[in-house]
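Numbering of the sequence shown is given in the UniProt record's numbering, commencing with residue 1 and proceeding in unit increments.
C-beta: ideal position from N, C-alpha, C; glycine also.
Remarks on the structure that follows.
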Amino acid sequence: MTFNLSSILRDSAQRDQEHPAIVTGSERISYGELDRRSDAVAAGLMAAGLEPGGAVMLQLPNVPEFVVSLHGILKAGGVVIPTNTLYKAGELSYVLENASAKHVITVDGSAGEAAEAAAQAGGATLYVLGTVPESLPDGVVARPFSELADHAVPDPKPFIQRDPGDTAVLLYTSGTTGKPKGVQLTHFQLYMNAGAHIGAFEMGPTSKIIAVMPLFHALGLSGILNATVRAGGTVLLLPKFDTEKVLQTIQAEGATHIHGVPTMYHSLLNHPTLANFDTSTLAFCGSAGAAIAAEIIDQVEKTFGVQILEMYGLTESGPVATINMPRDRKPYSIGKAIPGVDIEIWDEQKRRLPRGKLSIGEIMIRGHNTMSGYLNNPEATAAAFTNGWLHTGDLAWMDEEGFLFFADRKKELIIRGGYNVYPREVEEVLYTNPKISEAAVVGVPDERLGEEIKAYLTLKPGEAGTPEEFIDYVKERLAAYKYPRIVEVIAEMPKSATGKILKKELAHRR
Numbered sequence: 001m002t003f004n005l006s007s008i009l010r011d012s013a014q015r016d017q018e019h020p021a022i023v024t025g026s027e028r029i030s031y032g033e034l035d036r037r038s039d040a041v042a043a044g045l046m047a048a049g050l051e052p053g054g055a056v057m058l059q060l061p062n063v064p065e066f067v068v069s070l071h072g073i074l075k076a077g078g079v080v081i082p083t084n085t086l087y088k089a090g091e092l093s094y095v096l097e098n099a100s101a102k103h104v105i106t107v108d109g110s111a112g113e114a115a116e117a118a119a120q121a122g123g124a125t126l127y128v129l130g131t132v133p134e135s136l137p138d139g140v141v142a143r144p145f146s147e148l149a150d151h152a153v154p155d156p157k158p159f160i161q162r163d164p165g166d167t168a169v170l171l172y173t174s175g176t177t178g179k180p181k182g183v184q185l186t187h188f189q190l191y192m193n194a195g196a197h198i199g200a201f202e203m204g205p206t207s208k209i210i211a212v213m214p215l216f217h218a219l220g221l222s223g224i225l226n227a228t229v230r231a232g233g234t235v236l237l238l239p240k241f242d243t244e245k246v247l248q249t250i251q252a253e254g255a256t257h258i259h260g261v262p263t264m265y266h267s268l269l270n271h272p273t274l275a276n277f278d279t280s281t282l283a284f285c286g287s288a289g290a291a292i293a294a295e296i297i298d299q300v301e302k303t304f305g306v307q308i309l310e311m312y313g314l315t316e317s318g319p320v321a322t323i324n325m326p327r328d329r330k331p332y333s334i335g336k337a338i339p340g341v342d343i344e345i346w347d348e349q350k351r352r353l354p355r356g357k358l359s360i361g362e363i364m365i366r367g368h369n370t371m372s373g374y375l376n377n378p379e380a381t382a383a384a385f386t387n388g389w390l391h392t393g394d395l396a397w398m399d400e401e402g403f404l405f406f407a408d409r410k411k412e413l414i415i416r417g418g419y420n421v422y423p424r425e426v427e428e429v430l431y432t433n434p435k436i437s438e439a440a441v442v443g444v445p446d447e448r449l450g451e452e453i454k455a456y457l458t459l460k461p462g463e464a465g466t467p468e469e470f471i472d473y474v475k476e477r478l479a480a481y482k483y484p485r486i487v488e489v490i491a492e493m494p495k496s497a498t499g500k501i502l503k504k505e506l507a508h509r510r
């Protein structure tokens, strides 16, 4: 059996050549045009020496050329390495070396760092969207992206078949220690994961999904882009998250779906002119990437009149492993395992725990969605699995019906004087305070107790409050060992490119 993930584009183009695949600003690209443009990139890369299984770094922001290049690389039989445009040379060079990548598709604002990285990694050819750098290190060649985009397409069109178990995408995890690890996701895994999203969110050709999550991110790539293309829907592509622009796009284009991280929904809910926008076309909202507070779920559903479906997964699980399905849903749960996937809760001794709220343990995943391993890192791969079960490092409990309820990241668990404190539980209480805009709870060193609980807060416009006030607020609602003894109100939460609150940065803040 042979298969190529890019068949999702070819199939949708064959069904309806003229249907809009991508809308961004005033530009509208049909499925037929997207298919043809990616054929040209595939032909160009093959002419430049890309062999089946060869890796290409794709370092572009949310622009149509990202989608064109993604499918061009896949059609040429290559492996795509989606990469953050903010990465510096040292970060990029490791990825290039680890993956033996000799081709880089980048943008002019990132080309300098990419060129330096290529030199450190032993040389590569850059294809630059925008202005090509005039000065380059030895061993590095830079050409305009148009050399790929305008390449002649042979007959028959390039479409290299691969084995379903071959790697289609390499996503490098940032990791907390050591070098990033290259997560190998196969053609089959990504195809099936896209299908899980289509089923859960009832997607089809009439679906119009806001794509504001970075496409180099696992959810942006699989849950938004791949799912929409496989469904034959329309990707409403935005370069970055801007609350006003998202609301304008929902209204102007009649968006039916939006996926995001909790902080994005928080920003939408607090936009001063939200009531002026018509968001009635929305059918579903999806949340992933971090735990979402019950208070925000309630506000989203009340404000937009749609269900917000929480998803769970990690890069290594392809990425989504559970979805709170619309027809079989429990509010505040992260859902049940998607079809073809098994979920269990294990204790520290790797024993399966019984179901129930008192049985909090590590989420373990087994199924078609899990990675095939970390590239060139057998030790880390072996450590990630136990008898075929993927360790997630996340804590949860499962009810009698198989619904998962997220507790916290294993590494974020606070042990205060021997008691386990789950930051999310404290944050849930803080979010019910009408003055609080955002909350992040971390553990800080304490000589007597080992760790103490600290809450960082941002307040809503025009609100004020003392640390003592917020400490007392939680103290009245949680057990004595759970409430924060330290509260700091800050102007703004540090966040990642995808909008996640950077708790590690807060934990090291002094």
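Identified DSSP bridge partners for residue i
| i | result |
| --- | --- |
| P20 | S30 |
| M325 | For M325, which the question treats as bridged, DSSP gives no partner whatsoever. |
| H103 | V56 and T125 |
| I414 | V421 |
| I308 | C285 |
| G182 | Y172 |
| F3 | R162 |
| R409 | D394 |
| G313 | V320 |
Contact set for residue i: own chain, Cβ-Cβ below 8 Å, skip 5 residues either direction
| i | result |
| --- | --- |
| T176 | Residue confidence for T176 is low, a pLDDT of 46 falling below 50, so the modelled location carries little weight and cannot support an answer. |
| K500 | V261, T263, G289 and A290 |
| N376 | N98 and G182 |
| G388 | R366 |
| P494 | I501, L502, E505 and L506 |
Option in the options with minimal Cα separation from residue i
| i | options | result |
| --- | --- | --- |
| G223 | S12, T243 and G195 | G195 |
| E463 | Y481, D138, S135 and A491 | A491 |
| R409 | A47, L314 and A119 | L314 |
| M325 | G318, I338 and G25 | I338 |
| R351 | F3, T386 and L225 | T386 |
| L459 | E438, G450, N420 and R448 | E438 |
| K336 | P272, G54, W397 and E147 | W397 |
| I334 | A480, T322, Y265 and K245 | T322 |
| T243 | P262, G450, S267 and P144 | S267 |
| T44 | A149, G90 and S110 | Sequence check: residue 44 is Gly here, not Thr. Out of A149, G90 and S110, A149 has the C-alpha closest to the C-alpha of G44. |
| V95 | A21, L170, P137 and L136 | L170 |
| N420 | E451, P61 and T256 | E451 |
| D399 | Y431, Y332, A383 and V429 | Y332 |
| L358 | I345, R162, G220 and G233 | I345 |
| T303 | R327, S317, L247 and Q349 | L247 |
| A76 | A275, A42, E91 and K330 | A42 |
| G220 | K240, P205 and S207 | K240 |
| A21 | L502, T234 and F406 | T234 |
| V153 | A47, H508, A275 and L238 | A47 |
| V107 | D328, P378, M311 and R143 | R143 |
Cβ neighbours of residue i in the same chain (closer than 6 Å, five flanking residues each side left out)
| i | result |
| --- | --- |
| Y456 | A440, E488, I490 and L506 |
| E476 | none |
| S467 | This sequence places Pro at residue 467; Ser is not what is there. Counting only Cβ-Cβ distances below 6 Å, and skipping sequence neighbours, we find V487. |
| I258 | I210 and C285 |
| I73 | V56 and V80 |
Beta-carbon contacts of residue i that lie in its chain and below 7 Å, excluding the five residues immediately before and after
| i | result |
| --- | --- |
| G367 | G340, V341 and D342 |
| Q17 | S30, Y31 and G32 |
| V306 | L282, A283, F284 and C285 |
| E116 | A89 and P137 |
| T498 | M213, P214, H217, V261 and G289 |
| A435 | The sequence as given places Lys at residue 435; Ala does not occur at that position. Around K435: L459, K460, E463 and G465. |
| T2 | Q161, R162 and D163 |
| T173 | P180, K181, V183 and T315 |
| Q189 | G318, H368 and N369 |
| I297 | I308, P331 and Y332 |
Taking only runs that begin and end inside the stretch 382-407, name each unbroken beta strand (DSSP E) of 3 or more residues, in chain order. Runs of the beta strand (DSSP E) inside the stretch 382-407: 389-398.
Could you check whether the stretch 120-132 touches the stretch 207-223, counting it as contact only if at least three pairs of C-beta atoms, one from each stretch, sit closer than 8 Å? With contact defined as three or more Cβ pairs closer than 8 Å, the stretch 120-132 and the stretch 207-223 are not in contact.
Flag this pair as touching only if the stretch 249-256 and the stretch 269-279 have three or more C-beta atom pairs under 8 Å; answer yes or no. Short answer: they touch.
List in chain order: all unbroken alpha helix (DSSP H) runs of 4+ residues lying wholly within the stretch 37-100. Counting only runs of 4 or more, we get 64-75 and 89-99.
Counting Cβ pairs closer than 8 Å, one from the stretch 3-14 and one from the stretch 152-169, do we hit at least three? Contact holds between the stretch 3-14 and the stretch 152-169, because three or more Cβ pairs, one in each stretch, are under 8 Å apart.
For the stretch 117-174, list the alpha helix (DSSP H) runs that are entirely contained and at least 4 residues long, ordered along the chain. When DSSP assignments are scanned along the stretch 117-174, the uninterrupted stretches of alpha helix (DSSP H) that are 4 or more residues long and fall wholly within it turn out to be 146-149.
Residue ranges of each beta strand (DSSP E) run of no fewer than 3 residues wholly in the stretch 190-269, ordered along the chain? List check, beta strand (DSSP E) in window: 208-211, 234-237 and 257-260.
Which residue spans inside the UniProt domain "AMP-binding enzyme C-terminal" (425-500) form an unbroken alpha helix (DSSP H) run of at least 4? 467-475, all fully within the UniProt domain "AMP-binding enzyme C-terminal" (425-500).
Can you confirm whether the stretch 76-86 touches the stretch 47-60 when touching is taken to mean that 3 or more C-beta pairs between the two stretches lie within less than 8 Å? Enough Cβ pairs lie closer than 8 Å, so yes.
As an exercise, report each continuous beta strand (DSSP E) stretch of at least 3 residues that is fully enclosed by the stretch 332-392, in chain order. Here the runs fully enclosed are 341-346 and 361-367.
Check whether the stretch 221-240 and the stretch 186-204 are in contact - that is, three or more C-beta pairs closer than 8 Å. Contact between the stretch 221-240 and the stretch 186-204 is established, with three or more Cβ pairs separated by less than 8 Å.
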